[in-house]
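Participant:
In UniProt numbering, the protein residues as written are 1 to 163.
1) Can you tell me the Cα-Cα spacing of residue 96 and residue 125, whole angstroms?
2) Buried or exposed for residue 152, please, with buried defined as at least 16 other CB atoms from any protein chain shown within 10 angstroms of its CB.
3) Identify every residue that forms a DSSP beta bridge with residue 153.
4) Taking residue 191 as the reference, which of 128, 86, 58 and 85 has the closest Cα?
5) For residue 64, report the span of its beta strand (DSSP E) as first-last.
6) Go through its chain and collect everything with a Cβ distance to residue 112's Cβ below 6 Å, but skip five positions before and after it.
7) Report the three-state DSSP secondary structure of residue 70 (helix, strand or coil).
8) Applying the criterion that 16 or more other CB atoms from any shown protein chain within 10 Å of the CB defines a buried residue, is residue 71 buried or exposed?
9) Give me the Cβ distance between residue 61 and residue 116, rounded to the nearest whole Å; I'm assuming they're in contact under 8 Å.
10) Comparing alpha-carbon positions, which option in 87, 101 and 86 lies nearest residue 93?
11) Do you know offhand how far residue 131's Cα is from residue 98's?
12) Near residue 135, what residues of its chain come up, given a Cβ to Cβ distance below 7 Å and the 5 sequence neighbours on each side ignored?
13) Does residue 39 pass the burial test, meaning 16 or more other C-beta atoms within 10 Å, or should it be called exposed?
Structure (structure tokens):
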């Protein structure tokens with residue numbers, strides 16, 4: 001399953017920032033790696049014929065570190081202050097066995113190595129400063145919907161009385 005994530009991240013990252021490269025060339029490389037490493041192929045099958053986790057199916061992905069205050073702020077905004085359907089997928093890089101490699105790779109393909117790194121519709125859209133600014137401007141939901149189109153729905157949760 002770990003390699004499923006890495007391969008998904010490679011495909012996801014490729015689509016978000018390397019659009020000038022030939023897609024079929026990149027996918028052939030991923031397919032070749034899977035074919036040459038049987039344990040990866042086994043993990044990709046989900047072990048029981050299930051569908052592997054594939055980043056290309058997630059409209060909102062938050063690359064984070066569990067101890068990072070900027071990551072915590074963005075997760076609080078996107079996971080608690082807004083209702084996003086389907087819910088964003090959070091990848092805690094410090095808890096992932098290949099977190100360092102993933103962070104290096106994401107940095108290489110997106111130009112942004114820092115966390116949080118929020119991807120909407122397969123494109124890195126910013127981190128803590130950018131998402132706090134969008135929230136402060138009152139344009140976060142509108143901007144995210146513009147970026148994501150019909151791939152997800154977002155609405156601001158009502159503010160509890162007395163908050």
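By construction, the Cβ of each residue, glycine as well, lies at the ideal position given by its N, Cα and C atoms.
Facilitator: According to the structure shown:
1) Locating residue 96 in the chain shown gives position 96, counting from the first residue. Locating residue 125 in the chain shown gives position 125, counting from the first residue. Looking at the two C-alpha atoms, the distance is approximately 22 Å.
2) Position 152 of the chain shown, counted from the first residue, corresponds to residue 152. Under this definition residue 152 is a buried residue.
3) Reading the chain shown from its first residue, position 153 is the one you call residue 153. In the DSSP output, where bridge partners are listed per residue, residue 153 has 85.
4) This structure gives no information on residue 191, because the portion of the chain shown stretches from 1 to 163.
5) Here the question's residue 64 lines up with position 64 in the chain shown. Unbroken beta strand (DSSP E) run through residue 64: 60-64.
6) What you label residue 112 is simply residue 112 of the chain shown in a count that begins at 1. For residue 112, where only same-chain residues beyond five positions count, the Cβ hits under 6 Å are 124.
7) Stepping through the chain shown from its first residue, residue 70 is reached at position 70. Three-state DSSP puts residue 70 in a helix.
8) As a first step, residue 71 must be located in the chain shown, where it is residue number 71. Under this definition residue 71 is a buried residue.
9) Residue mapping note: residue 61 aligns to position 61 of the chain shown, counting from 1. Residue mapping note: residue 116 aligns to position 116 of the chain shown, counting from 1. The Cβ separation is near 10 Å, so there is no contact.
10) In the chain shown, residue 93 corresponds to position 93, counting from 1. That would be 101, whose Cα lies nearest to the Cα of residue 93.
11) Translated into positions along the chain shown, residue 131 becomes position 131. Translated into positions along the chain shown, residue 98 becomes position 98. Rounded to whole angstroms, residue 131 to residue 98 spans 26 Å at the Cα level.
12) Position 135 of the chain shown, counting from 1, holds the residue named residue 135. Around residue 135: 77.
13) On the chain shown, position 39 is the one that residue 39 refers to. With a pLDDT of 37 at residue 39, under the threshold of 50, the modelled position of this residue cannot be trusted, and the question is left open.
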